[in-house]
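Accompanying notes for the structure given below.
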Amino acid sequence: MPPPTPEPRPEPPTPPASETPAPEPSDDERREDEAAADAPQDDPAPSQGAGPSGATMVDHRPDEDDQPLPPPR
């Protein structure tokens, strides 16, 4: 007869992010943050399609007029 398997223990609940204390930034990091906040924010041109994070939106959907390439001769 095999030994009884122990019941798995439930994982302890993780506190919400709002309750976890954030590490204090160093003086250098504070200066960088303040300098970045003081720097003028340039809005990307609409034609670039860049969002506030600088990432470009890519449309992965095929275009309706895209036709498969003809077979090679």
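Per the working numbering: the sequence shown = residues 151 to 223. A virtual CB, placed ideally from N, CA and C, is assigned to each residue, including glycine.
Residue i versus residue j - alpha carbon distance
i, j, result
"residue 182", "residue 155", "54 angstroms"
"residue 208", "residue 164", "36 angstroms"
"residue 176", "residue 184", "12 angstroms"
"residue 211", "residue 221", "23 angstroms"
Which of helix, strand or coil DSSP assigns to residue i
i, result
"residue 184", "helix"
"residue 157", "coil"
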